[in-house]
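This note's numbering puts the first residue of the sequence shown at 17, with every later residue one more than the last.
All remarks here apply to the structure that follows.
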Amino acid sequence: MKNTPSKTLGDKQGGIPKKLSTESYKGVRDFFPADMAIEKKIFDIWRGVCEKYGYEEYGASVLEPAELYRAKSGEEIVNEQTYTFIDRGEREVTLRPEMTPTVARMVAARRRELTFPLRWYSIPNLFRYENPQRGRLREHWQLNVDIFGVEGIEADVEIISVAYNIMKAFGAKDEDFCIRINSRHMIQKEIENLLDDKTSYPKAARLLDKKEKMSSEEFQNEWSKISKKPFVINGVMARERTNELQGKLTLLGIKNVMFYPFLMRGFDYYTDIIFEIFDTNQENRRALFGGGRYDNLTSLFGGDKIPAVGFGMGDVTMRDFLETHDLLKNLQIPTSADYYICVVSPAEADAATKIAEKLRAKGSRVAVDFSYKKIGDQIKNADKRGIPEIIVIGEDEAKNGIYKIKNLKTGEERNPE
Ligand code: HAM
C-alpha cells in the first residue's frame, strides 16, 4: 500500500466531514461487548492449552521496520499486503502482517541469555491489506505458538499436538477437521526437477499454494507458463519424511492426519515439515490455520541458526469454524456480573452503592442500575444481560441494610450469606 495524498474533500469542510460515518474502517471489526465476550473466551481457551504445555506469553509492538519482512516473508505479502508508511523521521515502517519475523528477531536479540528450548506464545493483532471476504480481513488476531531450539521431530509432534488439543478444547470432534502434512524441503526437490530453470521455484510454489482454489485448466495454463514439463507430483520423498511424524502423532491418539503433497504454505521461510488444519465441513472447506518448521529465520540476524517450529491460528477462521459446527453455544461465556442491584429512587443510591461495595469486597461482580426506571424495567435489563440474580433496594432496605437476593430463573429469594 502506498501513501496517497487525501482525495478532494467533497462536502467536507476543512477536511472534516459534516457528519462522521459510524462505520469502522474497511475490513476491520468493532467488538461490541457480546462479540468481545466471545473473543475473550477464544483467547482464554488458546491461553489455557498453551500454558498446559508450558508455553510462556510474550508481546511486541505492532510497528516494525519494513525491511524485516522483505527478507523472508515472501514478496507477495510485502508488496501487496502490508500497511507500510514513511514516518516523520523518514523510516519505512510496517504494521506487522504476521508475528514470525518479530519473534525470530526477539529470540535472536537475546539468544545468549535465553535458555533453550524456548516455548513461547502470543496473541497479536496483525494487519494485511487484503480484499475483505469470508475468513480474510484486514486486521485479525492470531495465536502464535512456537518452539525454538529443538532440531528433532519431537518439536513438530508437540506443536501439532498443541494445535490438535486446541481444536478439542473448543469441542471439535476428530471428524470435524483434518491435519494435512507435507515436507516443504522434499516437495521443493520434486518441483525443482520439473522446472527448466530452478530460479522459478518461488513462482511454482506460489502457484501450488493456490492450486486448490483453481480449476484444473486454470492451473495447467499457469503451470505451462512456468515449465514445459507436465505437472506430476507423486510425493514419494515427502511421504517418507512425513511418515515418522504421522506415526508419532498416531501414538498420541491423533489420527485425523493426512499426507497432502500439494500443501505449500505461503511463506518462503519454511524449511521442512509444514501443516495445515483443514475444516472438513462441506460449507466451510478451507484451511483454518497452519504452520511448520523454519530453521533458518533467526540467522537473518547473524549468528548460528536456531531451529524453530510453530503455527499461527486466526480468530476469524476459528469463529467461522465454531459457528459452522455449532460449537459457540458450548463456550460458556461468563455473564457481565453476578448481581444486578435495582434502585427505587435517588434517595437509595448511596445505600445501594455501599451494598455493592461490600459484595465486591467478598469477590462478587456487581452492577448497579442508576436509571430509576420502574423496577420491572430494571429487572428486564438484568435479564437481558444474562445476570442471574438481582437485589432491589427501596426505602426499607436502605434504612435497615437488610435485603434479599432473587434468582431470575427460578424466582426464588434468599438472604445474603
Ligand atoms: P498464515 O497462514 O499466513 O501463517 O496465517 C495463519 C492463520 O492466520 C491463517 O490460517 C488464518 O487462520 C489467519 N489469517 C491469516 N491472514 C488472515 C486474514 N487476512 N484475516 C483473517 N485471518 C487471517 C502465518 O502468519 C505464520 N506466520 C504462522 C506461523 C507461526 N508459522 C510459524 N509460526
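We put the CB at the ideal spot given by N, CA and C, even for glycine.
Who are the Cβ neighbours of residue 161 in its own chain at under 7 Å, not counting the five residues just before and after it?
For residue 161, where only same-chain residues beyond five positions count, the Cβ hits under 7 Å are 66, 71, 137, 175, 178, 326, 327.
When the distance is taken between beta carbons, is residue 407 closer than 8 Å to residue 418?
No, they are not a contact pair.
When burial is assigned at 16 or more other CB atoms within 10 Å of the CB, is residue 60 buried or exposed?
Exposed is the call here.
Looking at the unbroken beta strand (DSSP E) that takes in residue 81, where does it start and where does it end?
Run containing residue 81: 79–81, per the beta strand (DSSP E) assignment.
Let's test the definition: count the other Cβ atoms within 10 Å of the Cβ of residue 377 and tell me whether it reaches 16, buried, or not, exposed.
The residue is exposed, with fewer than 16 neighbouring Cβ atoms inside 10 Å.
Below 8 Å on the Cβ atoms is my guess for residue 117 versus residue 143; work out the distance and round it to an integer in Å.
Actually they do not touch by this definition, with Cβ atoms about 14 Å apart.
Can you list, in chain order, the residues of its chain with a C-beta nearer than 7 Å to that of residue 151? Leave out the 5 residues immediately preceding and following it.
Counting only Cβ-Cβ distances below 7 Å, and skipping sequence neighbours, we find 302, 332, 333, 336.
For residue 394, which three-state DSSP category applies?
In this structure, residue 394 counts as helix in the three-state DSSP scheme.
Do you know whose CA, among 190, 98, 204, 185, lies nearest residue 153's CA?
Here the closest residue by C-alpha is 98.
On the three-state DSSP scale, how would you describe residue 103?
In this structure, residue 103 counts as coil in the three-state DSSP scheme.
Mind pulling the beta strand (DSSP E) runs of 3 or more residues that sit fully within the region 329–363?
List check, beta strand (DSSP E) in window: 355–359.
Whole angstroms is fine: what's the gap from residue 78's alpha carbon to residue 416's?
Computed Cα separation, rounded: 54 Å.
Whether or not the region 315–324 and the region 224–234 are in contact is what I'm after, with contact meaning three or more pairs of Cβ atoms, one per stretch, closer than 8 Å; do they touch?
Verdict: no, contact absent.
Could you tell me if the beta carbon of residue 385 falls within a distance shorter than 7 Å of some heavy atom in the ligand HAM?
Because no heavy atom of the ligand HAM lies under 7 Å away, the Cβ of residue 385 does not count as near it: no.
What does the alpha-carbon distance come out to for the pair residue 204 and residue 198?
Rounded to the nearest angstrom, the two C-alpha atoms are 11 Å apart.
Using a Cβ-Cβ cutoff of less than 7 Å, which residues in the same chain neighbour residue 202 once the five nearest sequence positions on both sides are dropped?
Cβ neighbours of residue 202 beyond the five flanking positions: 253, 254, 257.
Less than 8 Å separating the beta-carbons of residue 261 and residue 239?
Cβ distance not < 8 Å, so residue 261 and residue 239 don't count as in contact.
Find out if the Cβ-Cβ distance for the pair residue 409, residue 364 is shorter than 8 Å.
Yes. Within cutoff.
Check each candidate in 81, 242, 398 and name the one with the smallest Cα separation from residue 106.
Per the Cα distances, 81.
Which residue from 297, 296, 295, 280 puts its Cα closest to that of residue 289?
Checking every option, the nearest Cα to that of residue 289 belongs to 280.
Going by the C-beta, is residue 116 closer than 7 Å to any heavy atom of the ligand HAM?
At least one heavy atom of the ligand HAM is nearer than 7 Å to the Cβ of residue 116, so yes.
Short of 6 Å in beta carbon distance, which residues of its chain neighbour residue 270, apart from the five on each side in sequence? Order them along the chain.
Here the set comprises 180.
In angstroms with no decimal places, state the Cα-to-Cα distance between residue 388 and residue 427.
Looking at the two C-alpha atoms, the distance is approximately 22 Å.
Ordered along the chain, which non-local residues of its own chain (more than five positions away) have a Cβ less than 6 Å from that of residue 374?
Contacts found: none.
Roughly how many angstroms lie between the CA atoms of residue 101 and residue 111, to the nearest whole one?
If I take the Cα positions, the gap works out to 9 Å.
Just the C-alpha distance for residue 401 and residue 304, rounded to the nearest angstrom, thanks.
Straight-line Cα distance between these residues: approximately 32 Å.
If you measure between the beta carbons of residue 123 and residue 186, is that distance less than 8 Å?
No, they are not a contact pair.
Going by alpha carbons, who is nearest to residue 274 out of 315, 283, 292?
Of 315, 283, 292, the residue nearest in Cα terms is 292.
Return yes when at least one heavy atom of the ligand HAM lies under 7 Å from the C-beta of residue 382, else no.
Because no heavy atom of the ligand HAM lies under 7 Å away, the Cβ of residue 382 does not count as near it: no.
Could you please give the first and the last residue of the uninterrupted beta strand (DSSP E) stretch that includes residue 199?
Residues 193–199.
Would you call residue 272 buried or exposed, if buried means 16 or more other Cβ atoms sit within 10 Å of its Cβ?
Buried: at least 16 other Cβ atoms inside 10 Å.
Measuring from the CB of residue 144, is there a heavy atom of the ligand HAM at a distance below 7 Å?
Under cutoff, so the answer is yes.
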